[in-house]
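> Below you'll find the structure I mean.
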Amino acid sequence: MAGSLNKVQLIGRLGADPEIKQMVNGKSVARL
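Each number in my numbering corresponds to the 1-based position in the sequence shown with 10 added.
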């Protein structure tokens, strides 16, 4: 089974700190 890696880079101003949650299946979700 091949794994994959996704990279996201955000540049700019956010109104608040991102909220990062770990899902049951092991994936991370960031809420901006």
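Quick reminder that beta carbons are idealized off the backbone N, C-alpha and C, glycines included.
From a predicted model like this one, the values you see are computed outputs, not experimental measurements.
Under DSSP, the beta strand (DSSP E) around Arg-41 begins and ends at which residues?
38-41
> Could you give the distance in angstroms between the alpha-carbon of Lys-37 and the alpha-carbon of Asn-16?
11 Å
> With H, G and I counted as helix, E and B as strand and the rest as coil, what does DSSP make of Lys-17?
coil
> Excluding the 5 residues preceding and the 5 following Leu-42 in the sequence, name in chain order all residues of the same chain whose CB lies nearer than 7 Å to its CB.
Leu-24, Pro-28
> Spatial neighbours of Ala-1 within its chain, please: CB distance less than 6 Å, with the 5 preceding and 5 following residues excluded, ordered by chain position.
The structure shown has nothing for residue 1, since the chain only spans 11 to 42.
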